[in-house]
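Written out below as structure tokens is the structure these notes cover.
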Amino acid sequence: MQGMFLLGRLFDKHSIRSGSRELILSTESDRKLSPHTSRIVVSNCSSVIVANSSLTSMAGLRSVDLVNVANLSLVRHSFKLSPRSARTRISVRNCSIDVLPSFVFGGDVEAISFENVRIGQLSAFAFANLFHTDTLRLENCQIESTEAQSFKKFDVGYLHVIGGSFGEQVPSRTMNDIEVHHKFMLDGVKMGMVRSEAFIVRSPRTVAIQNCLIDGLESEAFDVTARGAVIIKNNTFGGLAVGAFLGIRADPETRPPPASSSSANLHDLIFKNNSMSTFEEGSLMFDRSSFRPELDDLLVKQPCDCQMLPLWKNNVLNYTNVYSRFYMRQNAVMPPILSSQDSIETPETFLFCVDGHAEDATTASFTDYEARHCSLGGSMLVLILVIVGILATLLILACLIVWCCKRRRRNDRKRWMSVPTNAPDVVSKKNGVIGRETATSGTPVDSRITMVVPDGRLYRETEFHVIVEKAEPLTTEL
């Protein structure tokens, strides 16, 4: 068979030595490809060039495998297939591509697989003009630079990007209007700043964004309409803008009616075991008219701070005003109103922060940290206030006692310094002091003596003599 002969003739290790010379795959070269070729395998070459439209004449081509190519050069329509071909698989492994040009693919490609491939520049429309493609898989591919609309308007059953990187920036509309029938997955991908609407994907039954390292997400970085569950887990986010995930919505055909208040018809959105460094109010908004969010194990990658914990809680949980603004912008009447049965996340269950220094840092839930540090500080403050209050009360009481003693002493001094102007009164056993005029002969006389002391002081050598004088009234007989 001529196709199999071509395969053996091209890739016999004795005829093409690894790194010996440049290999050109073309229908016009000295090693031209036969139109009856069914399989192409190139391995262990230093340089391979796949010419323009070199595969268009092969109606029976079933697979193309390029393995261990140090410098793979592709041009426009390098992988464009014959209109009569049926279900061709293209695989590129352990290769280096400086530029993946526009419209390099075309036709009925069953599966495209890039594994351990370095791509210097991913041009606009690099993945386009695909028909009936079942799987597009990029695994451990290092993409240094990505242009907008690199993936442009095609249908695919499974779109998986596993490992590797997308460069320092993922521009808007990197994936533009891609319809995924089954699963859209980003797994372990390292990305820089992801711009708004960088991933515009339609109708996947499952969306999985997991194990990724992302420097930042702008508002609505993912514009995805899903027909099933959305899983966002085990990711590390640098910064999250307002509404970073609000672009993930349910497909209009599967969205429950607006009048339905039950969450039983909503899809699950699992946001679990993720970490983020910087965020603001509304960064973790989700379309609650489409999904039933389940949040768990969210780590704020900042040192725990008693003053910052309330702000972080508010930014994660309380975004009513921001939520309403986004809905008004999307011409919605009102944001969905949550019933008491709907999931209202509590920070006690899923919010964590970094406790300790970098060497021995651990994670602590907001509740535990508040109980061990913030609440203890409040109790100490209350105790200090109580002690200060008691001391102030004792001080006031002491001042009152001193003031009363001084007042009593002052009154006593005034009494000793008073000069009597009449005779001493007599004492009544019943009512105390009575006037001398009303007293009888048997009534005792008040024996207390009023003494005048100079300047209110009693000198040590003062002699005190009591002289009793008695005077009788004068009569007319004298």
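Residue numbers (the numbering used here): 47 to 524. Note that beta-carbon positions come from the ideal geometry of N, C-alpha and C, so glycine has one too.
Query, Result
"Beta-carbon gap between Phe-190 and Gln-167 smaller than 8 angstroms", "The question names Phe, but residue 190 is Glu in the sequence shown. Cβ atoms of Glu-190 and Gln-167: closer than 8 angstroms."
"Straight-line gap, Thr-179 to Ser-335 (C-alpha atoms, nearest Å)", "32 angstroms"
"For Asn-320: DSSP bridge partner residues", "Leu-344"
"Whole-number beta carbon distance between Phe-200 and Met-221, since they are thought to touch under 8 angstroms", "Contact flag wrong, Cβ pair sits at about 10 angstroms."
"Burial state of Thr-192 (16 or more Cβ within 10 Å)", "buried"
"For Ser-142 and Asn-117, believed in contact at Cβ under 8 angstroms, the rounded distance", "6 angstroms"
"Helix, strand or coil at His-178 [DSSP, three-state]", "coil"
"Local conformation of Tyr-288 per DSSP, three classes", "The residue you asked about is not Tyr; residue 288 is Val in the sequence shown. Val-288 falls in the coil class under three-state DSSP."
"Reduced DSSP secondary structure (H/G/I, E/B, other) of Ala-296", "strand"
"For Lys-359, the first and last residue of its enclosing alpha helix (DSSP H)", "355 to 363"
"Bridge partners - Val-216, DSSP secondary structure assignment", "Val-240"
"Alpha helix (DSSP H) segment containing Asp-414, residue limits", "412 to 415"
"Reference Asp-414, options Ile-447, Leu-355, Leu-441, closest by Cα", "Leu-355"
"Between the CA atoms of Gly-289 and Ser-323 - distance to the nearest angstrom", "16 angstroms"
"Sequence-distant residues of its chain with Cβ nearer than 6 angstroms to Pro-349 (five each side left out)", "Val-400"
"Nearest-angstrom Cα separation, counted from Val-434 out to Ser-411", "34 angstroms"
"Same chain, Cβ closer than 6 angstroms to Asp-111, neighbours up to 5 away in sequence not counted", "Val-87, Ser-137"
"Same chain only: Cβ atoms within 6 angstroms of Leu-441, ignoring 5 sequence neighbours per side", "none"
"From Leu-292, Gly-153, Ala-174, residue whose alpha carbon lies closest to that of Glu-266", "Leu-292"
"Three-state secondary structure (DSSP) of Asn-311", "helix"
"Rounded C-alpha distance that separates Ser-196 from Glu-416", "48 angstroms"
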